[in-house]
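The structure appears below as C-alpha cells.
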Amino acid sequence: MKKTKEIFVTQPSLPPLEEFTEYLKQIWGSKILTNNGPFHKQFENELADYLGVKYLSLFANGTLALVSALQALRVTGEVITTPFSFVATTHSLWWNNIKPVFVDIEPDYFTLAPEKIEAAITPQTTAILPVHVYGNPCKIDEIQKIADTYGLKVIYDAAHAFGVRINGNSILNFGDLSILSFHATKVFNTIEGGAIICHDEKTKKQIDHLKNFGFAGETTVIAPGINAKMNELQAAYGLLQLKYIEEYISKRKEIAELYRRELTGVKGIRLLHDIKGVDHSYTYFPVFIDEKLYDESRDALYERLKKNNIYGRRYFYPLISQFPTYRGLPSAKPGNLLIANSIAEQVICLPIYPDLDKMTIKRILNILINK
Ligand code: T4K
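So that you can map any letter, position 175 of the sequence shown is 168 in our numbering, and since no number is skipped, the others follow by simple counting.
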C-alpha cells in the first residue's frame, strides 16, 4: 500500500523566496542586522496599521513579550489566569516571581470565566492575565468591569488572536496591554517573534527600553531589561508576510467552513462556531469529543489519526495547572477547574493551514466520520 504523506496540525506559510532575497541583499549591503534597524521600524509601523492599533513593539517571541509586559506594568504578588493555555502564559508569571491563581474557564468558548474571578481576588492580586484561546475573544467587558472595581491591570495573552476584530475594532485595543506571538506555528509568522500592544506613547517607550536591556539612551539604564529584540531578517520577512496575510486567513476560513459543513451533526463531535460581529483568523480548528456519544475516546481517535499519518494535537492537554511546577498551588486543584479539566480531556485540534489540500481534508474527515 502506498504510504500517505505525514500531515501535521500546522505548517508555516512562507513568503516567496525571491522577494525575501531582495530584502536580504539590502541587509547584506547595509550590515544593519538588529537594534531597531530600518526594516524593524518599517515593520513595526506597517504591522500596527494593518492590525488597527496605535502602539506596537516588536519582540523576539511571544514569551518574552509576556514577561516584559508584566515588567512594564510592574505587576507583582498574585495574578489571576487560566489553566487552559500554552505553558508560556503561566511561565511568564513564574519568571517574574508572581504567584499564578488559576480560575476556571467558561463553557462556550473556553476563555477565563468572569463570574469566577472575584472569588479568587486577594489583597495580593494585582492583575488578570486572560487568554483569547483559539482566537476566541474573552468576555472583555465583564473582565474590565472587575479590573476597574478592584484596581487591577489586565494583560491579554492574544498569541492566538492575530487579526481578530470585534465589530471592526481590533481585539488588541482592549485591556492595558496585549501580547502577540509570531511563532512558525501561528497564522502570521516571523519564524519566531512577538509583540506588545499598548495604548500610549509613554508606555511604548518604556516597553522599548525593557526589550533592550533597559537602555533609555547610550549611558542610561532605567530598569533590568532583557534582550528581546527582533532582528532585521525577521522584520524584513514579516513585512513580506503582511502582503499575504489576507490570503492566508481566507484560505484558513475556507478550510474551517469545509470542516464545519461536513462535521455538523456527527454524533459526539462538538465544534466551535464563528461569533457574530467577530472577524476570526482561524489559528486552530479544535473539535471536542464526547466519548460516550462518539463511541470512541478522544485519545483513541488521536491514535487512529496518527496511524493514518494525521498528527492532530491535544491543545491544551494537560492543563498548565497539572504540570509539576504548578500542581501544588491551591488554585490548581481539579475541583476548582472542572470545566477546564473536562475540555482538556475532550479536545483535539485538526490540521489547518493555507496549503492544506482538499483531498487531505477529505481523508481527515473520512477518518473522523467513518469509524
Ligand atoms: N501564549 C500562548 C497562548 C501560546 O499559545 C504561545 C505559544 C505563547 C504564549 C508563547 O509564544 P512564543 O514564545 O512561542 O512566540 C507550539 C509553539 O512552539 C508555540 O509557539 C505555541 N504557542 C504552541 C501552542 O504550539 P509545539 O511544541 O506544540 O509545536 P511543534 O514544534 O510541535 O509544532 C507543531 C507542528 O507544526 C509540528 O508537528 C510540525 C509543524 N511545524 C512546526 C514548526 C516549528 C512546521 O511545519 N514547521 C515548523 O517550523 O508548540
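Think of the CB as a built atom: it goes at the ideal place given N, C-alpha and C, for glycine as much as any other residue.
Report task. For residue 151, name the three-state secondary structure that DSSP assigns. Result -> By 1-based counting over the sequence shown, the position of residue 151 is 158. Three-state DSSP puts residue 151 in coil, outside helix and strand.
**Report entry** Host alpha helix (DSSP H) of residue 13 (start-end)
**Finding:** Locating residue 13 in the sequence shown gives position 20, counting from the first residue. Per DSSP, residue 13 belongs to the alpha helix (DSSP H) from 10 to 23.
Query raised in the report: Who are residue 51's beta bridge partners in DSSP?
Result: For the purposes of this step, residue 51 is taken as the residue at position 58 of the sequence shown. For residue 51, which the question treats as bridged, DSSP gives the partners 188.
Query raised in the report: Grouping DSSP H, G and I as helix and E and B as strand, with all else coil, what is residue 272?
Result: Residue 272 sits at position 279 when you count from the first residue of the sequence shown. For residue 272, the three-state secondary structure derived from DSSP is strand.
**Report entry** Pairwise C-alpha distance: residue 215 and residue 190
**Finding:** Taking the sequence shown and counting its residues from 1, the one referred to as residue 190 is at position 197. Taking the sequence shown and counting its residues from 1, the one referred to as residue 215 is at position 222. Distance from the CA atom of residue 190 to the CA atom of residue 215, rounded to whole angstroms, is 21 Å.
Report task. Classify residue 116 as buried or exposed, calling it buried when 16 or more other Cβ atoms lie within 10 Å of its own Cβ. Result -> What you label residue 116 is simply residue 123 of the sequence shown in a count that begins at 1. Residue 116 is exposed by the Cβ-count criterion.
Query raised in the report: Considering residue 209, what are the terminal residues of the beta strand (DSSP E) in which it resides?
Result: Within the sequence shown, the letter at position 216 stands for residue 209. Residue 209 -> beta strand (DSSP E) spans 208 to 210.
Report task. Using the Cα positions of residue 194 and residue 134, report the straight-line distance between them to the nearest angstrom. Result -> Here residue 194 refers to the residue found at position 201 when the sequence shown is read from its first residue. Here residue 134 refers to the residue found at position 141 when the sequence shown is read from its first residue. Between residue 194 and residue 134, the alpha-carbon positions lie close to 24 Å from each other.
Query raised in the report: Do residue 126 and ligand 1 come close, with the Cβ less than 8 Å from some heavy atom?
Result: Residue numbering aside, residue 126 sits at position 133 when the sequence shown is read from its first letter. Checking the Cβ of residue 126 against ligand 1 gives yes.
Requested in this report: Would you mind working out which of 324, 317, 32 and 311 sits nearest residue 235, comparing C-alpha positions?
Outcome: Taking the sequence shown and counting its residues from 1, one reaches residue 235 at position 242. Residue nearest to residue 235 within the set 324, 317, 32 and 311 is 32 (criterion: CA-CA distance).
Query raised in the report: For residue 20 versus residue 226, is the C-beta spacing smaller than 9 Å?
Result: Here residue 20 refers to the residue found at position 27 when the sequence shown is read from its first residue. Here residue 226 refers to the residue found at position 233 when the sequence shown is read from its first residue. Result yes, Cβ atoms of residue 20 and residue 226 sit closer than 9 Å.
Report task. Please report the residue range of the beta strand (DSSP E) in which residue 120 lies. Result -> Counting from one through the sequence shown, the residue named residue 120 turns up at place 127. Note, residue 120: beta strand (DSSP E), 118 to 122.
**Report entry** Same chain, Cβ closer than 7 Å to residue 294, five either side skipped, listed in chain order
**Finding:** Within the sequence shown, numbered from 1, the residue matching residue 294 stands at position 301. Excluding residues within five positions, the ones whose Cβ falls inside 7 Å are 282 and 341.
Report task. Compute every distance between the C-beta of residue 95 and the non-hydrogen atoms of ligand 3, then say whether any falls below 8 Å. Result -> Among the ligands modelled here, namely ligand 1, ligand 3 does not occur.
Query raised in the report: Quick one: is the Cβ of residue 90 within less than 8 Å of any heavy atom of ligand 1?
Result: Looking up residue 90 in the sequence shown gives position 97. Of the heavy atoms belonging to ligand 1, none sits nearer than 8 Å to the Cβ of residue 90.
Query raised in the report: If you draw a straight line from the C-alpha of residue 210 to the C-alpha of residue 354, how long is it?
Result: As a first step, residue 210 is located in the sequence shown; it is residue number 217 there, counting from the start. As a first step, residue 354 is located in the sequence shown; it is residue number 361 there, counting from the start. Looking at the two C-alpha atoms, the distance is approximately 53 Å.
Requested in this report: Mind the definition here: the segment 121 to 139 touches the segment 242 to 255 only if three or more C-beta pairs lie below 8 Å; say whether that holds.
Outcome: With the cut-off at 8 Å, the segment 121 to 139 and the segment 242 to 255 do not touch.
Query - residue 1 (DSSP reduced to helix, strand or coil) - result: The residue you call residue 1 lines up with position 8 of the sequence shown. Here DSSP, grouped into helix, strand and coil, assigns residue 1 to strand.
Query - Identified DSSP bridge partners for residue 282 - result: Taking the first residue of the sequence shown as position 1, residue 282 is located at position 289. Bridge partners of residue 282: 262.
Report task. Measure the beta-carbon distance from residue 110 to residue 96 and round it to whole angstroms, keeping in mind my assumption that it falls under 8 Å. Result -> Counting from one through the sequence shown, the residue named residue 110 turns up at place 117. Counting from one through the sequence shown, the residue named residue 96 turns up at place 103. Indeed, because the Cβ distance is near 6 Å, the residues count as touching under 8 Å.
Requested in this report: With a threshold of 8 Å, establish whether the CB of residue 5 neighbours any heavy atom of ligand 1.
Outcome: The sequence position of residue 5 within the sequence shown is 12, counting from 1. Within the chosen limit of 8 Å, ligand 1 reaches the beta carbon of residue 5 through at least one heavy atom.
Query raised in the report: Would you say the segment 132 to 151 touches the segment 263 to 272, given that touching needs at least three Cβ pairs under 8 Å?
Result: The segment 132 to 151 vs the segment 263 to 272: no contact.
Query raised in the report: Taking only runs of the alpha helix (DSSP H) that begin and end inside the segment 30 to 108, which ones reach a length of at least 4 residues, in chain order?
Result: Here the runs fully enclosed are 31 to 44, 55 to 65 and 81 to 88.
Query - Check whether residue 336 and residue 167 have beta carbons under 9 Å apart - result: Counting from 1 along the sequence shown, the entry for residue 336 is found at position 343. Counting from 1 along the sequence shown, the entry for residue 167 is found at position 174. It is not a contact, given that the beta carbons lie outside the stated cut-off.
Report task. Under 8 Å by Cβ, that's how I've got residue 58 and residue 261 pegged, so tell me the actual separation to the nearest angstrom. Result -> Here residue 58 refers to the residue found at position 65 when the sequence shown is read from its first residue. Here residue 261 refers to the residue found at position 268 when the sequence shown is read from its first residue. Not quite, the Cβ-Cβ distance comes to about 38 Å (not below 8 Å), so this is no contact.
Query raised in the report: With a CB to CB cut of under 6 Å and the five nearest residues on each side skipped, what residues in its chain are close to residue 62?
Result: As a position in the sequence shown, residue 62 is number 69, starting the count at 1. Here the set comprises 148, 170, 172 and 189.
Query - Nonlocal neighbours in the same chain, by C-beta distance under 7 Å from residue 87, ignoring five residues either side - result: On the sequence shown, residue 87 is found 94 positions in, with the first residue counted as 1. Here the set comprises 318.
Query raised in the report: Would the beta-carbon of residue 222 fall within 9 Å of that of residue 56?
Result: Here residue 222 refers to the residue found at position 229 of the sequence shown. Here residue 56 refers to the residue found at position 63 of the sequence shown. In this structure, residue 56 does not lie closer than 9 Å to residue 222 by Cβ.
Query raised in the report: Taking DSSP as the reference, what is the three-state secondary structure of residue 178?
Result: In the sequence shown, counting from the first residue as 1, residue 178 sits at position 185. Coil, per DSSP.
Requested in this report: Check whether the Cβ of residue 365 lies closer than 8 Å to any heavy atom of ligand 1, and answer yes or no.
Outcome: Residue numbering for the chain in the displayed model covers -6 to 364; residue 365 lies beyond these limits and cannot be assessed.
Query - For residue 298 and residue 280, believed in contact at Cβ under 8 Å, the rounded distance - result: Translated into the one-based positions of the sequence shown, residue 280 becomes position 287. Translated into the one-based positions of the sequence shown, residue 298 becomes position 305. The Cβ separation is near 11 Å, so there is no contact.
Requested in this report: May I ask you to report which of helix, strand or coil DSSP gives residue 214?
Outcome: Here residue 214 is taken as the residue at index 221 of the sequence shown, counted from 1. If DSSP states are grouped into helix, strand and coil, residue 214 belongs with the strands.
Query raised in the report: Of all the options 45, 6, 255 and 228, which has the alpha carbon lying nearest to the alpha carbon of residue 392?
Result: It is not possible to answer for residue 392, since the shown part of the chain is limited to -6 through 364.
Query raised in the report: Among the residues of its own chain, which have a CB less than 8 Å from the CB of residue 310, if the five just before and after it don't count?
Result: Locating residue 310 in the sequence shown gives position 317, counting from the first residue. Result list for residue 310: 337, 338 and 340, in chain order.
Query raised in the report: residue 171 by DSSP, collapsed to three states: which one?
Result: As a working mapping, residue 171 is identified with position 178 in the sequence shown. Of the three classes helix, strand and coil, the one that applies to residue 171 here is strand, per DSSP.
Requested in this report: Whole angstroms is fine: what's the gap from residue 25's alpha carbon to residue 274's?
Outcome: As a working mapping, residue 25 is identified with position 32 in the sequence shown. As a working mapping, residue 274 is identified with position 281 in the sequence shown. Looking at the two C-alpha atoms, the distance is approximately 33 Å.
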